[in-house]
Amino acid sequence: MSFRTWVMKWLTTTDHKDIGILYIVTSIGFLLVAGSLALLFRVQLAFPYSNFLVGSEYYQAVTVHGLVMLLWFASPFAIGLANYIVPLQIGAKDLAFPRLNALSYWLYLFSGILLLLSAFTSAGAPDVGWTLYAPLTARIYTPTVGMDLAALSIFMLSLSITIGTINFMVTIAAMRAPGMGWFKLPMFTWSMLFTMLLMLWAFPPLMVGAAVLFIDRNLGTEFFLNPAGGALLWDHLFWFFGHPEVYILLFPALGAMADIITTFSRRPIYAKKYILTAFLIATIISFIVWMHHMFITGTNIYTRLFYSITTILISIPFEMAVMSFIFTLYKGRLIYTVPMLFAVGSLLNFIIGGSTGVYLGSIAIDRGFRGTYWVVAHFHYILVGTVTLGLIAGLYYWWPKITGRMYSERVGKIHFVLAMVGVALTFLPQFVLLDMPRRYFTYDVPEWLTLNQISTVGSFIFGVSMLVGLANFLLSLVKGPPAPSNPWNAWTLEWFIPSPAPKHNFHGVPIVREDNTVVFASEEAIEKYGIESIRKGEVDIPSTPLAGGQHGAHASHSTHHIATLDPLILSTGFFLAFAGLVLSKPVMYLGVIIAMAALARWLWKDVRNLFVEDLPGYVENWPFPKDKIRSAMWVFIASEIATFGSIFSVYFFIRFNPVGKFMSDAWPPGYLVHDVWLGLINTVILFTGTLLFTLVYLGVKNGNEKLSLIGLLGTLYMAILFLVVKYFEWGELLAAGLGLDAGIYMQAYYLTTGAHGLHVFLGVLATTYLLLKLFHGTLKGKQALSEVLAVGIYWGIVEMVWTLVFPLYYLV
Amino acid sequence: MEKIMRDFAKYLGVWIVLVATAVIEVFFVLEGITRNPMVFVVAVALFQSALIALFFQHLREEPIVIKGMTVSGAILIVILIVSAVTSVLTCTPYFPG
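Residue numbers (numbering that gives the first Met the number 0), protein chains in the order written: chain W, 0 to 811; chain Y, 0 to 96.
The structure is reproduced here in C-alpha cells:
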C-alpha cells in the first residue's frame, strides 16, 4: 500500500475497526498532553514557594489537564475500544450508521484541537479549573479568547458524543446476531450500553451550559452573572452532567474488567443478572446525586438531605459489582496475564477510591473535605487507579485481536508494577493531605512538604509506566509474534474470528445456538434451513470455528465499507466555523460554506439512495423496532428532551428564584411583553405544519406521490411561515427596546425561541431532503417510509417544545 | 383513497383538539379564570404533548422500550427542574438580608 493510499484509507474510512483504532490513538495523544501537564504541576508542588509554574500558567495547566483527561482521553479511549469490540461481540458487521461513526470521530478530534488551540492564543488556555465555575468564567473576570474556545470545544464534543450515542444504542439494540439474546451479551457490551444511556441524558445539559456560557461572554447576556441565575444555575447544569460523567467513565472499565476476570478465572461472571440490575439501578440513581457537589453552596437543607441519601445509596450497586468480581475470582483457576493483573489492580484501586468517596456523601463531612486533597485523591483513585488502569487492561486484552500481534508479557508486567506503585505513591499521600486546599500553586506548611514530594515522585513513576506500556505496544507492532484467533481461550464472539478481525468481521452470519455454541452460516444456508432450526441445532452445520475464519459455508452477504471524505470535510467546516467565530470572521464564513457544502454533498448521496442497507431479517432486535432509522430518531428525541429540558430548567430556575423578585428587571407576566395573538398564530401554524406532514406519511405508505407532494410543500410552507413570523416578531421586540439588555427575562426568551427556531430550520432541511427524494423518485418503499416516520417524529418534538414555549413566555 | 381519508380525519380531529386547547388556554389565562396559570399552562402543554406523541409521532405503536426511554428522559428533566428550583426556594446565598 502506497503512503498516499494509506493516508487516504484513514481519512476516508467508515469501518468501525479503523475508527476504533483512530479513537484509541487520538485519545492516547490527548493522554500524553494532559499527563505531561500533570507532571509539570507536580514539579511545581514538590517545593514550597517554587516558581516553576505559578499563577495563571499553573491554573491553565490544571484546567486543561482536567478537561482533556475527562472529556478527550478517558471516554474516547473507551469509545475506541467499544468501536472495535462491540460489533464483534454482538455479531454485527459494523455499527448501525458507519458514516455517522466517522463523523463522531472527526468532530471529537477537531473539538480537542479547538481546546488545545486556546493554549496558543495571546492570553493562553482557560485558567478557571475544569469545572468552569461561574461567575469566574464571565468575560469581566476571564476576558481571554481561550475561554470562548473551551466553551465551543465542549459544545462540539457534545455533538460528537450525541451522534455516537445514537449509533451505539441502535447497534446494540437492533443489530445483534441471531440467538444473541440480551443476557448472552458480554459484560463489556452491556457496560457500553449503560454508558451510552448515561451519555444520552448527561451531555445535553453540558452542551446547553457551554452554549449559554458562550452567549453570555459574546452577546452580553448574563445567565451566569445575574443573581437570579448565576453560579448556582451553572452548578446545576454542570453537575447534572458532571456526576453521571463519573459513571460514563467507570462503566466501560468495569465492563472490560468483568470480561477479563471471567476469561482468566475460567469461570462465568458471578451473579451476572444481579450485576446488570445493579448497573441499571446505578445508571438511574446517578442522575439524582449531582447536588452532593453543591452541599456548601447554601442550598435548601431538605434538598441537601435527599441528595446525601441518594449519594450514599449509589455505593450499593457498585459494592455488588465488587463482590461479584471477588466471587468470580474466588475458586477460579486464575491466570495472571498482564490484562488480568491490570484488572485485579483496578479492582483493588476501585475499593480504595469508592470507599473514600462514600464519606463525601455526608453533608457534615463534606463540609470539611470539600476543596481539599482528600477529594483529589478520591477521584483520582477512581479515574486513574480504576478507570485508566481498567481500560489499559482492556487494551492489553484486546490488543492481539486489534493488531494481530502479541506483546511482551514481561514488559507488560513491569508496566503493571510501575503503574500500581505510581498510583499508590501519587494519591495515597494526598488522602493524608486532607487539610491542604486543592488548586493552590504553592504552600507554606512544612508538614505538607514530604507528602507532596512523595506524590510528585509517584506521578513520575506513573508517567514512566505509561512510556513503558507505550514502548511495549510499539515493539509489539514492529516485532511481536503473530496472535492466534483466540490467545486467551475466551468465550465471547470476537475471539471466534481471526486476529486481526477481517474486513467484514465474520465470514457468514454468526448464530448463537441454544447450547451457547456458535455457527457461521451462509445466507443460503439460512434461507434453506431457517434461523430457528440452525439455532436449535437441528441442522448439522459445523459449530467449531477454524483458524482463518473459514467456518461452515461461506456467506455471500458482506457489508461494503464506504470510503468517504464527507465526515472529515463536514467536521473541518465545523472546526473552522467555531474557531473563526472567536478568532477570525473570514475563517468562520469559510467554515460555514465548507460545512454547508459537505452537508449538501452528503444528503445528495442519500437522496439518490446510494447507501440503502436494510437490516437483515434475522437480526435480534427485541424489544426494539426492526427499523434503525426510526430507532435512531427516537434515541435522538430522548436526547432532545434532555436538551430542551435543560433550557427549560434555566427558565424555571430563574423564574422561581426568590431573589429575582427583588430585582429591578423582575420577570413580568408574558402577556405584558409579548404579542399573545402573534404567538397563538404561530402555534396554529406549527400544528398545521405537522398535520400536513401526516399527508406525507399517508402518501408514502399508500404509494400516493401526489399526496406526499402536497404534504411536503404544505409542511415546508408552514415551517417557513413560522420562521418569518418569528423574524418579524423579534424585529418588533428589538425596535421596542426589548433586546438582550432589557433584562434576563428577554435573554431567556431569545435563548429558548432561538434554540427552537434553529430546530424548525433543521426541520425545514429534513423536509427539503424528503422533497428532493420525491422529485428524484426515491421516496418510495420501506426505507422511505422509515425516513418519513423519522422526520415526522422530529416535527413532533419541535411542536411539543412549542406547546411549552408559547404559554411560558407569552402567557404567564 | 377512502382509507387515506379516514386516517387523515383522525389526524384532523387531533389537530382540532390541539388548536382548540391552545385557544382555550389563551382565553382562560388572559381572562384570569385560572387560579394558578403556571400549573394550568404546564398541564395543557402536557396534554397537548401527549396527543402529539401518541398520534403525530405514532408513539402508541412503538415498543414499550421506546415509550419508556422518552418518558424516562422527561422524568429526569423534571427531577432537574424540581431540584434546581427547590434548591433556591430557601437558604439561597443570594437572598437579600
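Quick reminder that beta carbons are idealized off the backbone N, C-alpha and C, glycines included.
Min CB distance residue i to chain W below 8 Å
i: Pro95 (chain Y); result: Because the pLDDT at Pro95 (chain Y) is just 45, under 50, the model does not fix this residue reliably, and the value given afterwards should be weighed accordingly. Judged by the 8 Å Cβ criterion, Pro95 (chain Y) is in contact with chain W.
i: Phe26 (chain Y); result: no
i: Glu61 (chain Y); result: yes
i: Gly72 (chain Y); result: yes
i: Ala21 (chain Y); result: yes
i: Ala8 (chain Y); result: no
i: Ala42 (chain Y); result: no
i: Ala65 (chain Y); result: The sequence given here has Ile at residue 65 (chain Y), not Ala. Chain W, which has a Cβ nearer than 8 Å to the Cβ of Ile65 (chain Y), makes this yes.
i: Leu88 (chain Y); result: yes
i: Ile32 (chain Y); result: no
is_contact[residue i, chain Y] using C-beta, thresh 8 Å
i: Gly551 (chain W); result: Reliability fails at Gly551 (chain W), whose pLDDT of 36 lies under 50, so the model's placement of it is uncertain and no value is given.
i: Gly547 (chain W); result: Because the pLDDT at Gly547 (chain W) is just 38, under 50, the model does not fix this residue reliably, and the point stays unresolved.
i: Phe76 (chain W); result: no
i: Ala686 (chain W); result: The sequence as given places Phe at residue 686 (chain W); Ala does not occur at that position. Phe686 (chain W) counts as touching chain Y.
i: Tyr808 (chain W); result: no
i: Gly791 (chain W); result: yes
i: Asn299 (chain W); result: yes
i: Phe655 (chain W); result: yes
i: Ser812 (chain W); result: Residue 812 (chain W) cannot be examined here, being either before or after the span of chain W that is shown, 0 to 811.
i: Tyr670 (chain W); result: yes
i: Ala554 (chain W); result: Confidence at Ala554 (chain W) is low in this model, with a pLDDT of 37, below 50, so the placement of that residue should be treated as unreliable; the coordinate-derived value is given next. Judged by the 8 Å Cβ criterion, Ala554 (chain W) is not in contact with chain Y.
i: Ala637 (chain W); result: yes
i: Asn166 (chain W); result: no
i: Thr693 (chain W); result: yes
When the options are compared against residue i, the one with the closest alpha-carbon
i: Pro134 (chain W); options: W:Glu728, W:Phe278, W:Phe222; result: W:Phe222
i: Tyr335 (chain W); options: W:Ile308, W:Val416, W:Lys272, W:Gly352; result: W:Val416
i: Gly468 (chain W); options: W:Ile709, W:Trp398, W:His758; result: W:Trp398
i: Leu602 (chain W); options: W:Leu253, W:Ala137, W:Leu770; result: W:Leu770
i: Gly353 (chain W); options: W:Pro226, W:Lys16, W:Val245, W:Trp238; result: W:Val245
i: Leu69 (chain W); options: W:Leu38, W:Tyr48, W:Tyr104, W:Leu30; result: W:Leu30
i: Gly178 (chain W); options: W:Glu619, W:Pro243, W:Tyr809, W:Asp147; result: W:Glu619
i: Phe727 (chain W); options: W:Asp674, W:Leu694, W:Gly698, W:Val24; result: W:Asp674
i: Phe72 (chain W); options: W:Ser484, W:Val61, W:Leu390, W:Phe239; result: W:Leu390
i: Leu614 (chain W); options: W:Thr276, W:Ser484, W:Ser785; result: W:Ser785
i: Val25 (chain Y); options: Y:Arg34, Y:Val40, Y:Ile15; result: Y:Val40
i: Trp621 (chain W); options: Y:Ser86, Y:Leu17, Y:Gly72, Y:Val64; result: Y:Val64
i: Lys2 (chain Y); options: W:Tyr749, W:Asn701, W:Lys779, W:Phe760; result: W:Asn701
Residues of its chain near residue i, where Cβ-Cβ distance is below 8 Å and the 5 sequence neighbours each way are ignored
i: Leu218 (chain W); result: Leu739
i: Ile78 (chain Y); result: none
i: Met155 (chain W); result: Leu106, Phe109, Ser110, Leu113, Phe573, Phe574, Phe577
i: Ala52 (chain Y); result: Leu58, Thr69
i: Met717 (chain W); result: Ile684, Leu685, Thr687, Gly688, Leu691
i: Tyr48 (chain W); result: Thr441, Asp443
i: Val374 (chain W); result: Leu359, Phe368, Arg437
Residues near residue i in its chain [Cβ-Cβ closer than 7 Å; skip 5 each side]
i: Val207 (chain W); result: Leu236, Thr642, Ser645, Ile646
i: Gly659 (chain W); result: Ala227, Ile653, Ala665, Trp666
i: Thr327 (chain W); result: Ile260, Thr261, Ser264, Arg266, Ile268, Tyr269
i: Ala597 (chain W); result: Asp565, Ile568, Leu569, Gly572
i: Pro668 (chain W); result: Val811
Sequence-distant residues of its chain with Cβ nearer than 6 Å to residue i (five each side left out)
i: Met587 (chain W); result: Ala576, Gly579, Leu580
i: Phe250 (chain W); result: Ser190, Phe193, Thr194
i: Ala376 (chain W); result: Phe426, Gln429, Phe430
i: Ser475 (chain W); result: Arg404, Tyr406
i: Met465 (chain W); result: none
Strand pairing of residue i, partner residues [DSSP]
i: Phe55 (chain Y); result: DSSP, once it has assigned bridges, lists no residue as partnering Phe55 (chain Y).
i: Ala520 (chain W); result: W:Val508
i: Pro436 (chain W); result: W:Thr371
i: Pro481 (chain W); result: W:Arg404
i: Arg175 (chain W); result: W:Glu619
CB-CB length for residue i against residue j, believed under 8 Å
i: Phe519 (chain W); j: Val508 (chain W); result: 7 Å
i: Asn348 (chain W); j: Tyr396 (chain W); result: Not a contact, Cβ separation roughly 18 Å.
i: Leu87 (chain W); j: Leu492 (chain W); result: 6 Å
i: Ile80 (chain Y); j: Phe651 (chain W); result: 5 Å
i: Gly128 (chain W); j: Thr62 (chain W); result: 6 Å
i: Leu196 (chain W); j: Thr309 (chain W); result: Contact doesn't hold; Cβ gap of about 18 Å is too wide.
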